[in-house]
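J.: Just so we're on the same page, the numbering used here is the position in the sequence shown counted from 1, plus 76.
Cβ atoms here follow ideal geometry from the backbone N, Cα and C, with glycine treated the same way.
Small disclaimer: the values here were computed from a predicted structure and weren't measured.
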Amino acid sequence: MIPLRDANPSGGTPVVNHAIILGCVLAFFLELLLGPNLHYFFIAYGLVPIRYTNLQVAAHFSPWEQALPFFTFMFLHGGWLHLIGNLWVLHIFGDNVESALGH
Numbered sequence: 077m078i079p080l081r082d083a084n085p086s087g088g089t090p091v092v093n094h095a096i097i098l099g100c101v102l103a104f105f106l107e108l109l110l111g112p113n114l115h116y117f118f119i120a121y122g123l124v125p126i127r128y129t130n131l132q133v134a135a136h137f138s139p140w141e142q143a144l145p146f147f148t149f150m151f152l153h154g155g156w157l158h159l160i161g162n163l164w165v166l167h168i169f170g171d172n173v174e175s176a177l178g179h
């Protein structure tokens, strides 16, 4: 049951949806370039629970570094299939969500 399209037409070009897709692709290519440093990238920008549940670990991060992953985690993907699957669904259904939210 892989969705190929939706039946709901959206009004206009989904600019925000396309920007999110582009951001995800760029972040994924950055992940590919990092090689062995990818682990540190995921610790810095991924939503890692120990950063918020362990006070000793949390003390190593500033308030900004604690807040940033709540935005950046959504651009990180674990592999090609993860990226393609998420972006496929976002491409199909994201325009309707963007249209419903007023853009």
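Short of 7 Å in beta carbon distance, which residues of its chain neighbour T93, apart from the five on each side in sequence? Order them along the chain.
T.: It should be pointed out that residue 93 corresponds to Asn in this sequence rather than to Thr. Cβ within range, chain order: L166, G170, D171, E174.
J.: What would DSSP say about H158, mapped onto helix, strand or coil?
T.: It is helical.
J.: Under three-state DSSP, which class holds L137?
T.: The sequence given here places Phe at residue 137; Leu does not occur at that position. Residue state, collapsed to three classes: coil.
J.: Quick one: is Y116 buried, meaning 16 or more other Cβ sit within 10 Å of its Cβ, or exposed?
T.: Exposed, since its Cβ has fewer than 16 Cβ neighbours within 10 Å.
J.: Helix, strand or coil: how does DSSP classify D82 here?
T.: D82 falls in the coil class under three-state DSSP.
J.: Give the straight-line distance between the Cα atoms of Y128 and T148, rounded to the nearest whole angstrom.
T.: In a straight line, the C-alpha of Y128 is about 16 Å away from that of T148.
J.: Which residues in the same chain as R81 place their Cβ atom closer than 8 Å to its Cβ, once the five residues preceding and following it in sequence are excluded?
T.: The answer, listed in chain order, is I168.
J.: Using only the alpha-carbon positions, how far apart do H136 and L114 sit?
T.: So the alpha carbons of these two residues sit roughly 19 Å apart.
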